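Student: Submitted below is the structure of interest, expressed as structure tokens.
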Amino acid sequence: MSGLLKSSIGRKFAMAISAFFLMFFLLQHFVINLTSIFPDHGVTFNNLSHFMGTNPLIQYGMQPVLIFGVVFHFVMGFVLEIKNRSARQVSYAQNNGAANSTWMSRNMIWSGLAILAFIVLHFIDFWFPELNTKFIQGDWSGLHNGELRYFHELQEKFHNPARVGAYIGAFAFLAMHLLHGFNSAFQSMGANNKYTKGLKTFGKLYAIIIPVGFMIIALVHHFNHSH
Amino acid sequence: MNLTLKIWRQKDANDKGQMVDYNVTDISEHMSFLEMMDVLNEQLINTGDEPVAFDHDCREGICGMCSMYINGEAHGPDRNVTTCQLHMRMFKDGDTITIEPFRATAFPVIKDLVVDRTSFERIQQAGGFISVNTSGNTQDGNAIPIPKKDADDAMDAATCIGCGACVASCKNSSAMLFVGAKVSQYALLPQGRVEATERVQNMVAQMDLEGFGNCTNTGACEIECPKGISLENIARMNTEFMKASLKG
Numbered sequence: 001m002s003g004l005l006k007s008s009i010g011r012k013f014a015m016a017i018s019a020f021f022l023m024f025f026l027l028q029h030f031v032i033n034l035t036s037i038f039p040d041h042g043v044t045f046n047n048l049s050h051f052m053g054t055n056p057l058i059q060y061g062m063q064p065v066l067i068f069g070v071v072f073h074f075v076m077g078f079v080l081e082i083k084n085r086s087a088r089q090v091s092y093a094q095n096n097g098a099a100n101s102t103w104m105s106r107n108m109i110w111s112g113l114a115i116l117a118f119i120v121l122h123f124i125d126f127w128f129p130e131l132n133t134k135f136i137q138g139d140w141s142g143l144h145n146g147e148l149r150y151f152h153e154l155q156e157k158f159h160n161p162a163r164v165g166a167y168i169g170a171f172a173f174l175a176m177h178l179l180h181g182f183n184s185a186f187q188s189m190g191a192n193n194k195y196t197k198g199l200k201t202f203g204k205l206y207a208i209i210i211p212v213g214f215m216i217i218a219l220v221h222h223f224n225h226s227h
Numbered sequence: 228m229n230l231t232l233k234i235w236r237q238k239d240a241n242d243k244g245q246m247v248d249y250n251v252t253d254i255s256e257h258m259s260f261l262e263m264m265d266v267l268n269e270q271l272i273n274t275g276d277e278p279v280a281f282d283h284d285c286r287e288g289i290c291g292m293c294s295m296y297i298n299g300e301a302h303g304p305d306r307n308v309t310t311c312q313l314h315m316r317m318f319k320d321g322d323t324i325t326i327e328p329f330r331a332t333a334f335p336v337i338k339d340l341v342v343d344r345t346s347f348e349r350i351q352q353a354g355g356f357i358s359v360n361t362s363g364n365t366q367d368g369n370a371i372p373i374p375k376k377d378a379d380d381a382m383d384a385a386t387c388i389g390c391g392a393c394v395a396s397c398k399n400s401s402a403m404l405f406v407g408a409k410v411s412q413y414a415l416l417p418q419g420r421v422e423a424t425e426r427v428q429n430m431v432a433q434m435d436l437e438g439f440g441n442c443t444n445t446g447a448c449e450i451e452c453p454k455g456i457s458l459e460n461i462a463r464m465n466t467e468f469m470k471a472s473l474k475g
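Here's what the structure looks like:
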């Protein structure tokens, strides 16, 4: 397996597999976040968040895999970028990249870095406090003042317009990353056949609907909380 | 038409090189790009200057020898043509045209616009062939039934002329369209299946060894390829490679 990861195609496969995993995670995260705008004052969102936050299979099984997937995708992305840059040491005086490829496809490293910056902010906002509460303070109740705390925490975070702005900007970058990444992952896995056209349409829809959905959720909470 | 040319001049592989401006006049729109370069070179020879070195051979778009990066694109702004088939009608009077060699670490510049593409030859030597018993008992290839689509796809892949436009256009200088085409042309045919496992492993290993970058599926290679080689070939190579890796 380590030999496979040294080959260019093996690395493409590994990037694609980690991308599929992250895209599946993103979909799951989106579905749960979507419940936070249900007209039930956050009851469904609280229950789902508590389940995800305390279920041992999720916490000790899925969470480490997710962390590995995120770290792997970023590290391998940087490794490939460095290798690719060294494959052309003298740049062109004039290069018309727009003539043959999309901006998204040529700038995956920059959209990826923007997403990485957002993930750091997101971890500081939500994940590190969660780890602190559960693993350091040992409080797995999920309660604050006798109520499940997740919905309230979410609303608090979206009070600050600067954070909402950063959130929306990051999801714009995520949309751009996915607009190339979704179909690129399938191509890397060797899927280029009669289903490709349909898959491309599905990929574009996924790349737009999910990030825009996240943005709408953030805006709904921001404006609901402000009033 | 009168044109200003910005051309990469480099004495030899060790020279640093630089862009130099030239003017050419009375260029006919019916000329090919290489004929325009011939006019420039005659002009340079007449004034006692060193002509611009550039690769060319058949001038019919089939040998894969010409290799210029024109106005930021391999083989220039036209589609599905090599530089020798690019016509001056694609440009207009007063234009400034930038002409550079194909750039890649694996394609070092030898002189001016001439690059060393023997890395492609080494990839071919690593597996781009079939071993045929020529003892006299060889089976007639026409006697082996092959689905029409497979034969067509193999033929499409085999039209790759190995010019290196894919590498030159790719932001990562990846050679995967070339190697994908070479792997596919054999993988799709029964004669090629016999050595399919070693072929894809050896060719990909040589490709990596030569210092080509990794494909990130921008699709630039497919657009700039003078023979319209499809990205489908890269997907096929990826599948072939992973199947070969699982076999061990």
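Chains as they are written, first to last, in this note's numbering: chain R, 1 to 227; chain P, 228 to 475.
We treat Cβ as the ideally placed atom computed from N, Cα and C, and that holds for glycine.
Just so we're clear, the structure is a prediction, and the values are computed from it rather than from any experiment.
#1: Answer yes if the region 260–268 of chain P comes into contact with the region 189–200 of chain R, meaning at least three C-beta pairs across the two stretches below 8 Å, and no otherwise.
#2: Which whole runs of the alpha helix (DSSP H) in the region 30–61 of chain R are 4 residues long or more, in chain order?
#3: Going straight from the alpha carbon of residue 158/R to that of residue 118/R, what length do you get?
#4: Any beta carbon from chain R within less than 8 Å of residue 310/P's own beta carbon?
#5: Just to confirm before moving on: does the CB-CB distance between residue 491/P and residue 357/P stay below 8 Å?
#6: What whole-angstrom Cβ distance do residue 404/P and residue 456/P have, given they're in contact under 8 Å?
#7: For residue 66/R, verify whether its CB is less than 7 Å away from any heavy atom of the ligand GTP.
#8: Counting only runs that start and end within the region 416–456 of chain P, where is the alpha helix (DSSP H) found for 4 or more residues in a row?
#9: Mind checking if residue 339/P is an interface residue toward chain B, Cβ cutoff 8 Å exclusive?
#10: Can you grab the Cα-Cα spacing for the pair residue 249/P / residue 265/P, in whole Å?
#11: If the cut is a Cβ gap below 7 Å, which residues of chain R does residue 441/P touch?
#12: For residue 320/P, name the three-state secondary structure that DSSP assigns.
#13: Thinking C-beta only, is residue 214/R closer than 8 Å to residue 25/R?
#14: Going by Cα to Cα distance, which pick from 149/R, 6/R, 191/R, 35/R is closest to residue 53/R?
#15: Judging by CA-CA distance, which residue of 417/P, 448/P, 278/P is the nearest neighbour of residue 393/P?
#16: If you reduce the DSSP assignment to three classes, tell me which class residue 248/P lands in.
#17: Since residue 299/P contacts residue 105/R with CB under 8 Å, what's their CB separation in whole angstroms?
#18: Is residue 340/P helix, strand or coil by DSSP?
#19: With C-beta atoms as the reference, is residue 188/R less than 8 Å away from residue 16/R?
#20: Taking only beta-carbon positions, decide if residue 228/R is within less than 8 Å of chain P.
#21: Is there at least one Cβ from chain P nearer than 8 Å to residue 99/R's Cβ?
#22: Bridge partners of residue 502/P, per DSSP?
#23: For the 8 Å Cβ check, are there 3 or more pairs between the region 272–291 of chain P and the region 305–321 of chain P?
#24: So that I know if they touch, is there some Cβ in chain P lying closer than 8 Å to that of residue 94/R?
#25: Which residue wins for smallest C-alpha separation from residue 423/P, given the options 433/P, 435/P, 409/P?
#26: Does any C-beta atom of chain P lie closer than 8 Å to the C-beta of residue 88/R?
#27: Would you list the residues sitting across from residue 325/P in a DSSP beta bridge?
#28: Taking buried to mean at least 16 other C-beta atoms within 10 Å of its own C-beta, is residue 384/P buried or exposed?
#29: Rounding to the nearest angstrom, what Cα-Cα distance links residue 97/R and residue 398/P in this structure?
#30: So within the region 353–379 of chain P, which uninterrupted alpha helix (DSSP H) runs reach at least 4 residues, ignoring any that extend past its ends?
#31: Assuming residue 339/P and residue 237/P are in contact, meaning their beta carbons sit under 8 Å apart, how far apart are those beta carbons, in whole angstroms?
Tutor: So, to answer that:
#1: no
#2: 43–54
#3: To locate residue 158/R, count along the first sequence from 1; it is residue 158. To locate residue 118/R, count along the first sequence from 1; it is residue 118. Approximately 14 Å, taken between the alpha carbons.
#4: Here the question's residue 310/P lines up with position 83 in the second sequence. Chain R contact via Cβ: absent.
#5: Nothing about residue 491/P can be read from this structure; chain P reaches only from 228 to 475.
#6: Start at 1 with the first residue of the second sequence, and residue 404/P comes out as number 177. Start at 1 with the first residue of the second sequence, and residue 456/P comes out as number 229. Rounded, the Cβ-Cβ distance is 6 Å, consistent with contact.
#7: For the structure depicted, the ligand GTP is absent and the ligand set is empty, with no information on it obtainable.
#8: 417–420, 423–436, 447–451
#9: No chain B appears in the structure shown, which is made up of the protein chains R and P.
#10: As a working note, residue 249/P is residue 22 in the second sequence. As a working note, residue 265/P is residue 38 in the second sequence. Approximately 13 Å between the Cα atoms of the pair.
#11: Against the second sequence, residue 441/P aligns to sequence position 214. Near residue 441/P (Cβ distances below 7 Å), the residues of chain R are 8, 11, 12, 80, 83, 84.
#12: Position 93 of the second sequence holds residue 320/P. If DSSP states are grouped into helix, strand and coil, residue 320/P belongs with coil.
#13: By one-based count along the first sequence, residue 25/R stands at place 25. By one-based count along the first sequence, residue 214/R stands at place 214. Not closer than 8 Å, so no.
#14: One-based indexing of the first sequence puts residue 53/R at position 53. Ranking 149/R, 6/R, 191/R, 35/R by Cα distance to residue 53/R puts 149/R first.
#15: Taking the second sequence and counting its residues from 1, one reaches residue 393/P at position 166. Among 417/P, 448/P, 278/P, the Cα nearest to that of residue 393/P belongs to 448/P.
#16: By 1-based counting over the second sequence, the position of residue 248/P is 21. It is a strand residue.
#17: Within the second sequence, residue 299/P is the residue found at index 72, counting from 1. Within the first sequence, residue 105/R is the residue found at index 105, counting from 1. Not really, about 16 Å apart at Cβ, beyond 8 Å.
#18: One-based indexing of the second sequence puts residue 340/P at position 113. Residue state, collapsed to three classes: coil.
#19: To locate residue 188/R, count along the first sequence from 1; it is residue 188. To locate residue 16/R, count along the first sequence from 1; it is residue 16. It is a contact, given that the beta carbons lie within the stated cut-off.
#20: An answer regarding residue 228/R cannot be provided, because it is not within the stretch 1 to 227 covered by chain R.
#21: In the first sequence, the residue the question calls residue 99/R occupies position 99. The beta-carbon of residue 99/R is placed less than 8 Å from the nearest beta-carbon of chain P.
#22: The displayed coordinates of chain P run from 228 to 475. Any statement about residue 502/P would go beyond what the structure contains.
#23: Output reads yes: the region 305–321 of chain P touches the region 272–291 of chain P.
#24: Residue mapping note: residue 94/R aligns to position 94 of the first sequence, counting from 1. So, interface residue.
#25: Residue 423/P sits at position 196 when you count from the first residue of the second sequence. Across the set 433/P, 435/P, 409/P, the C-alpha of 409/P shows the shortest separation from the C-alpha of residue 423/P.
#26: Start at 1 with the first residue of the first sequence, and residue 88/R comes out as number 88. Yes, its Cβ sits closer than 8 Å to a Cβ of chain P.
#27: Looking up residue 325/P in the second sequence gives position 98. DSSP lists 233/P as partners of residue 325/P.
#28: Locating residue 384/P in the second sequence gives position 157, counting from the first residue. By the 10 Å Cβ count, residue 384/P comes out buried.
#29: Position 97 of the first sequence holds residue 97/R. Position 171 of the second sequence holds residue 398/P. For residue 97/R and residue 398/P, the distance between alpha carbons rounds to 8 Å.
#30: none
#31: Counted from its first residue, the second sequence places residue 339/P at position 112. Counted from its first residue, the second sequence places residue 237/P at position 10. With 8 Å as the limit, residue 339/P and residue 237/P qualify as a contact, their Cβ atoms being about 6 Å apart.
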